[in-house]
Amino acid sequence: MTLANCKVGFKGLIKNLSDIEDNIYLLENGFTPGQEVEILSVSPFGGPIGVQIRGTILALRREEALCIQV
Numbered sequence: 544m545t546l547a548n549c550k551v552g553f554k555g556l557i558k559n560l561s562d563i564e565d566n567i568y569l570l571e572n573g574f575t576p577g578q579e580v581e582i583l584s585v586s587p588f589g590g591p592i593g594v595q596i597r598g599t600i601l602a603l604r605r606e607e608a609l610c611i612q613v
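Numbering follows this note's numbering, in which position 51 of the sequence shown is assigned residue number 594; successive positions increment by one, without gaps.
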């Protein structure tokens, strides 16, 4: 399952990142395997997803969230 498929309130551990070469941004912001991530908000119509990781709140594009397997 990917982070883009999860609902608000979901908490889980990151299992893997796909397309790592294209997502250095995710690695730099702490999206590494084994880290806990929580979904705080989901914008309608394919907008950004608000997540909390390592005590930081970030907004992810849907395309980025599709690369994060939980």
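We put the beta carbon where it would ideally sit given N, CA and C, even for glycine.
Task: The beta strand (DSSP E) enclosing Glu564, as first and last residue numbers - done: Run containing Glu564: none; DSSP gives neither H nor E here.
Task: Reduced DSSP category for Leu601 - H, G, I as helix; E, B as strand; rest coil - done: strand
Task: Coarse secondary structure for Leu609, derived from DSSP in three states - done: coil
Task: Nearest neighbour of Leu546, chosen from Gly573, Ile582, Ile596 [CA to CA] - done: Ile582
Task: Classification of Ala602 by the beta-carbon crowding that lies within 10 angstroms, buried from 16 upward - done: exposed
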